[in-house]
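Remember, the working numbering sits 2 above the position in the sequence shown when you count from 1.
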Amino acid sequence: MDHLLLIRYGEIGLKGKNRHLFEEQLMRNIRAALGDALPGRVQRAYGRIFVELGDSAHTRAALERLQKVFGIVAVSPALRVPLTVEAVEEGAVELVRRLGPAGARTFRVQARRPNKAFPLTSQEINERIGALLLRTYPQLKVDLHQPELVVSIEVREQGAYLYSEQTPGPGGLPVGVSSHALLLLSGGIDSPVAGWMAMKRGIRLDAIHFHSPPFTSERALDKVKDLTGVLASWGGPIRLHVVRFTEIQKELRRQAPAELMITLMRRFMLRIAVAVAQDVGALALVTGESVGQVASQTLENMSVINAVTSMPILRPLVGFDKQEIVERAQAIGTYSISIRPYEDCCTIFVPAHPATRPQLAEVEAAEAALDVAGLVREALASIETTTLAEAPAGAG
Ligand code: ATP
Ligand code: MG
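Right, dumping it as structure tokens:
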């Protein structure tokens with residue numbers, strides 16, 4: 003009897019070459035998620051992926067990790083037994099034993115027999131195994147319509163597979179199938195969720211963060227590293243590029259109209275991010291912007307900010323309410339880190355009355371007084387890059 007994990011995947015509409023790339027990448031990501039601690043053989047058959055864990059004691063730990071692998075729709079612990087009636091019987095009893103048939107529960111057996119060489123038909127398997135389980139576990143009753151437990155049996159060429167419970171996976175596409183983007187990661191609630199949403203569509207991420215020492219502290223930076231680590235646990239490793247933004251902010255405070263401060267800062271961030279994206283081979287930027295939350299997120303402001311680049315900017319949160327973002331942040335494990343009370347570079351220099359409808363011409367006029375290219379170059383030279391591969395200790 004072999005202990006396996008049966009992994010369902012699949013996105014409607016994936017065909018031909020795409021399907022192949024999807025499967026290959028998913029198998030690589032599964033191997034990476036299991037890591038050295040949980041050695042297992044990852045194989046593909048019958049439109050499923052099977053992970054053969056040498057030791058059934060690893061099942062729970064492996065299930066937990068696979069719940070964070072995009073592309074997986076569901077995972078079931080499964081048994082594979084030889085193609086004899088006795089082995090299937092033994093397997094069924096063992097499967098139900100492990101599930102712990104405590105209390106009065108109802109069940110049904112659901113057999114499929116693609117391998118017609120097996121001596122019993124699907125219906126005969128259902129009846130025979132059903133009767134056996136009733137004898138073995140007297141507290142169980144058959145319910146064909148709404149059973150609490152479905153014992154599935156698939157008789158294939160290489161053996162019979164038995165499984166029952168399903169743990170849902172995160173769905174989406176395997177990270178890596180959709181190329182590479184650069185996430186603008188603040189210490190806030192929104193941008194980590196935006197990064198997660200991008201990864202869910204198969205995008206591999208680098209992250210960039212702007213800080214302003216000494217106005218922002220080392221602990222504010224640790225927070226961003228921890229956020230990057232949590233994201234990396236969903237499909238890393240992720241490189242974090244930290245840009246020193248202090249000089250640009252000081253220069254803007256000295257030279258620029260206060261009400262344009264935020265718009266100008268954002269335009270600098272974007273220019274720097276685009277340069278880094280090009281450098282690392284990322285094809286798009288990802289931000290946590292939503293429409294209408296704050297002054298800089300009016301469409302008027304976004305269009306003026308966006309005017310510095312033609313690189314695509316993905317804003318996965320655009321259709322979300324704040325409450326939905328918070329719930330997602332909690333579910334993915336970033337919320338408790340995001341609410342740590344450290345300052346952000348953008349909150350330090352914000353004016354009392356930022357412009358909500360700046361004109362591109364006035365913004366460009368303000369920039370004409372600055373050495374834009376020189377400031378960008380200096381900021382790029384300040385970048386320090388770290389790679390994060392896993393969630394910080396204690397993170398959900
Ligand atoms: P968040 O919760 O992600 O901080 P927010 O609702 O506070 O977002 P803004 O402060 O307007 O909104 O920031 C909009 C987006 O700009 C952020 O989601 C993030 O993608 C990017 N951003 C803001 N500050 C920084 C920063 N210091 N470093 C990198 N990116 C940033
Ligand atoms: Mg913010």
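Every residue gets a Cβ at the ideal spot worked out from N, C-alpha and C, and that includes glycine.
Here H213 is buried, its C-beta having at least 16 other C-beta atoms within 10 Å. In the structure shown, P318 falls within a coil segment according to DSSP collapsed to helix, strand and coil. Around the beta-carbon of L262, 16 or more other beta-carbon atoms lie within 10 Å, marking it buried. The ligand MG never approaches S78 closely enough for any of its heavy atoms to be under 7 Å from the residue's Cβ.
A distance below 7 Å between beta-carbons, with the five flanking residues on each side excluded, links S180 to the following residues of its chain, in chain order: R203, G204 and I205. Remark: C-beta atoms of A196 and G290 approach each other more closely than 8 Å. Within its own chain, the residues whose Cβ lies closer than 7 Å to the Cβ of V98, once the five positions on either side in sequence are excluded, are L135, Y139 and V153, listed in chain order. According to the DSSP assignment, Y139 belongs to no alpha helix (DSSP H), since it is labelled neither H nor E. At a cut-off of 7 Å, the beta-carbon of A286 does not count as near the ligand ATP: no heavy atom of the ligand is closer than that. Counting the other CB atoms within 10 Å of its CB gives P170 a total below 16, which places it among the exposed residues. Pairwise C-beta distances place the stretch 186 to 200 in contact with the stretch 325 to 341, as three or more of them are shorter than 8 Å. With contact defined as three or more Cβ pairs closer than 8 Å, the stretch 243 to 260 and the stretch 366 to 386 are in contact. Inclusion of I240 and P172 in the CB contact set at 8 Å is not warranted, their separation being larger than that value. Less than 8 Å separates the beta-carbon of K143 from that of T108. DSSP, reduced to helix, strand and coil, places G42 within a strand of the structure shown.
In this structure, T218 is the residue among I264, T218 and P259 with its C-alpha nearest to the C-alpha of V244. Per DSSP, reduced to three states, the secondary structure at H22 is helical. Setting aside the 5 residues that flank it on each side, E159 is surrounded in the same chain by N117, each with a C-beta closer than 7 Å to its C-beta; the list follows chain order.
Spatial neighbours of I385 in its own chain (CB-CB distance under 6 Å, excluding positions within 5 residues in sequence) are listed in chain order as H243 and V245. In terms of side-chain proximity, the C-beta atom of G204 is found no nearer than 7 Å to any non-hydrogen atom of the ligand ATP. For P194, the three-state secondary structure derived from DSSP is helix. Of the candidates I155, Q141 and Q280, I155 places its Cα closest to the Cα of R130.
The criterion of a C-beta distance shorter than 8 Å is not satisfied by A94 and L8.
The beta-bridge partner set that DSSP reports for A76 consists of R10 and P170. For F270, the secondary structure class from DSSP, reduced to helix, strand or coil, is helix. Look at R221 here: in three-state DSSP terms it is helix. A distance below 7 Å between beta-carbons, with the five flanking residues on each side excluded, links T123 to the following residues of its chain, in chain order: R115. Not one heavy atom of the ligand MG lies closer than 7 Å to the C-beta of S292.
Around the CB of T387, fewer than 16 other CB atoms lie within 10 Å, so the residue is classed as exposed. Note that the stretch 254 to 273 touches the stretch 294 to 308; at least 3 beta-carbon pairs, one per stretch, sit closer than 8 Å.
For R100, the uninterrupted alpha helix (DSSP H) segment begins and ends at V87 to L101.
L151 has its alpha-carbon roughly 10 Å from the corresponding atom of Y165.
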